[in-house]
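Following: one structure in structure tokens, then a few remarks.
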Amino acid sequence: MMRIAILGFGSVGRGIARAILAKNLDITVTGLADSKSGIIDAGGIDLAAALARKENGGACGNAGVSPADVVAKADYDVLVEVTPTNVEDGEPALGHIRAALRRRKHVVTSNKGPIALAYPELRALAEESGVFLKYEATVCGAIPLIHAMQEGLAGNTISRLYGVFNGTCNYILTRMAAEGLTYDQALAEARELGYAEADPTYDVEGIDAAIKLVILANTVLDMRTVLDDVERTGISLLTPDALQLAEDQDCTIRLIGEIVPEAGVLRVSPRIIEKDHPLVVEGTLNAVTVGTDLAGDLTFIGKGAGSTETASAVIGDLLYIQSRHVQGS
Ligand code: HSE
323 MMRIAILGFG SVGRGIARAI LAKNLDITVT GLADSKSGII DAGGIDLAAA LARKENGGAC
383 GNAGVSPADV VAKADYDVLV EVTPTNVEDG EPALGHIRAA LRRRKHVVTS NKGPIALAYP
443 ELRALAEESG VFLKYEATVC GAIPLIHAMQ EGLAGNTISR LYGVFNGTCN YILTRMAAEG
503 LTYDQALAEA RELGYAEADP TYDVEGIDAA IKLVILANTV LDMRTVLDDV ERTGISLLTP
563 DALQLAEDQD CTIRLIGEIV PEAGVLRVSP RIIEKDHPLV VEGTLNAVTV GTDLAGDLTF
623 IGKGAGSTET ASAVIGDLLY IQSRHVQGS
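Going by this note's numbering, the first residue of the sequence shown is number 323, and it counts up by one from there.
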């Protein structure tokens with residue numbers, strides 16, 4: 323049995339809790355906190371009750387228990403850090419992840435800030451402590467892209483990564499083109515459905531896609547990049563007229579991220595693409611083509627945002643750790 327502590331009980335945290343319950347996973351949650359409250363219970367928190375409280379507008383736990391208390395005092399094997407991304411300094415998540423690694427706890431996170439800003443330091447800390455640091459959910463939601471690149475494609479040289487990295491922008495562009503929704507209407511829908519970041523500027527200005535490129539560059543492509551290295555244009559100024567103009571040429575517009583490691587290129591921008599191109603996916607789907615020397619080109623398509631889909635990536639990381647370390651230890 324694996325014991326976990328969860329920080330963050332929004333769309334992703336609740337998706338994880340629902341998956342643990344629905345699949346009857348051999349996982350006990352001994353600590354849980356959101357920004358307002360927390361619970362520590364070595365015997366196992368009643369997740370169904372916590373979900374019900376939160377969904378009825380209540381708190382997930384007690385006001386006197388903070389996320390820092392959960393990290394420092396709860397009895398767990400893995401810290402699951404799924405709070406909203408902050409790209410300025412990665413806090414408070416970065417401090418919580420450091421503290422858990424120092425306690426020799428494994429860490430699984432969907433939080434892009436700490437991984438984009440401090441991966442080398444966190445990785446060194448995890449190695450020193452002999453624990454895993456896993457972050458599949460930070461890039462492309464349900465697509466196991468990091469796992470595929472680190473494991474399945476090990477030995478390949480990656481010449482290019484190219485594709486749709488932000489589900490919210492893809493959803494907005496799809497809804498504007500197909501249903502004639504305005505940009506504001508489509509964005510409001512994406513927020514309501516839990517696809518957008520807590521600060522949706524991250525999505526529509528291309529910051530979220532740029533962070534994902536930095537994470538891939540630094541963690542699987544052996545590059546050393548920061549957010550400012552990414553040439554970036556978002557979709558906030560796109561008009562229905564621009565989409566119509568593309569439509570008239572049997573094309574559409576997608577927010578495309580691209581890395582060319584050898585040239586040191588990282589960029590995010592809206593591009594006009596022919597409608598039958600494999601990267602023209604609908605709704606919250608992401609699609610990424612990875613160009614390699616041995617395996618040729620591979621295109622991965624899957625849901626890039628959403629509660630259950632992001633939970634899938636977190637659960638995958640947890641079960642990876644469980645199979646390699648926790649069981650029988
Ligand atoms: N807001 C992000 C997106 C969530 O829309 O892609 C997944 O990182």
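Think of the CB as a built atom: it goes at the ideal place given N, C-alpha and C, for glycine as much as any other residue.
Flag this pair as yes or no: are the beta carbons of Val393 and Ala372 separated by less than 8 angstroms?
Note that the C-beta distance between Val393 and Ala372 is not below 8 angstroms.
Spatial neighbours of Gly650 in its chain, beta-carbon cut-off 7 angstroms, leaving aside the 5 residues before and after:
With a pLDDT of 45 at Gly650, under the threshold of 50, the predicted position of this residue should be treated as unreliable, though the coordinate-derived value follows. For Gly650, where only same-chain residues beyond five positions count, there are no Cβ hits under 7 angstroms.
Indicate, with yes or no, if the ligand HSE has a heavy atom lying under 7 angstroms from the CB of Tyr517.
Tyr517: yes, Cβ under 7 angstroms from the ligand HSE.
C-alpha distance - Asp551 paired with Tyr457, whole-angstrom precision:
Approximately 22 angstroms between the Cα atoms of the pair.
Near Ala564, what residues of its chain come up, given a Cβ to Cβ distance below 7 angstroms and the 5 sequence neighbours on each side ignored?
Ile575
Relative to the ligand HSE, is the shortest distance from any of its heavy atoms to the C-beta of Asp525 smaller than 7 angstroms?
yes
For Ser651, name the three-state secondary structure that DSSP assigns.
The pLDDT assigned to Ser651 is 46, lower than 50, so where the model puts this residue is not dependable, and the model offers no usable value.
Can you determine whether any heavy atom of the ligand HSE sits closer than 7 angstroms to the C-beta of Asp530, and answer yes or no?
Relative to the ligand HSE, the nearest heavy atom lies less than 7 angstroms away from the CB of Asp530.
If the criterion is Cβ atoms closer than 8 angstroms, does the pair Asp411 and Gly360 meet it?
no
Close Cβ partners of Thr541 (< 6 angstroms) along its chain, the five nearest in sequence each way excluded
Tyr441
How many whole angstroms separate the CB atoms of Gly435 and Thr407, which I take to be in contact at a CB cut-off of 8 angstroms?
5 angstroms
Threshold first: 3 residues or longer. Then list the beta strand (DSSP E) segments lying entirely within the stretch 595-633, N to C.
607-614, 619-625
Going by DSSP, what residue range makes up the beta strand (DSSP E) through Met324?
324-329
Beta-carbon spacing of Gly463, Gly489 below 8 angstroms
For Gly463 and Gly489, yes; Cβs fall inside 8 angstroms.
Just to confirm my understanding: we take Ile578, look at its own chain, exclude 5 residues before and 5 after, and list those with CB closer than 6 angstroms. What are they?
Arg593
In the DSSP assignment, the alpha helix (DSSP H) including Ser333 goes from what residue to what residue?
333-344
Is it a yes or a no for the stretch 324-332 touching the stretch 631-650, going by three-plus beta-carbon pairs under 8 angstroms?
yes
Is the closest heavy atom of the ligand HSE to the C-beta of Asn488 under 7 angstroms?
yes
List the residues that DSSP assigns as beta-bridge partners of Ile361.
Leu354
Residues that Lys456 bridges to, as DSSP identifies them:
Val430
Contacting residues, own chain, Cβ-Cβ under 6 angstroms from Ala518 (five flanking each side not counted)
Thr490, Ala512, Asp525
With distances taken from CA atoms, which of His418, Ser451, Ala339 is nearest Leu347?
Ala339
Which of helix, strand or coil DSSP assigns to Pro436
helix
Buried or exposed (CB count within 10 angstroms, at least 16 for buried), Thr561:
exposed
Using only the alpha-carbon positions, how far apart do Glu553 and Val590 sit?
6 angstroms
Opposite Pro592 in the DSSP bridges: which residues?
Leu577
In its own chain, which residues sit with a C-beta less than 6 angstroms from the C-beta of Ala341, not counting the 5 before and 5 after it?
Ala633, Ile637
Going by C-alpha distance, which of Phe487, Glu449, Asp399 is nearest His428?
Asp399
Limits of the unbroken beta strand (DSSP E) element including Gly463
No beta strand (DSSP E) holds Gly463; DSSP gives it neither H nor E.
On a CA-only basis, which of Leu447, Glu413, Thr431, Glu443 is nearest Arg320? Give me that one, please.
Past the edges of the chain, shown from 323 to 651, lies residue 320, and the structure says nothing about it.
Would the C-beta of Ala508 count as close to the ligand HSE, meaning under 7 angstroms from any of its heavy atoms?
no
Rounding to the nearest angstrom, what Cα-Cα distance links Gly353 and Thr555 in this structure?
40 angstroms
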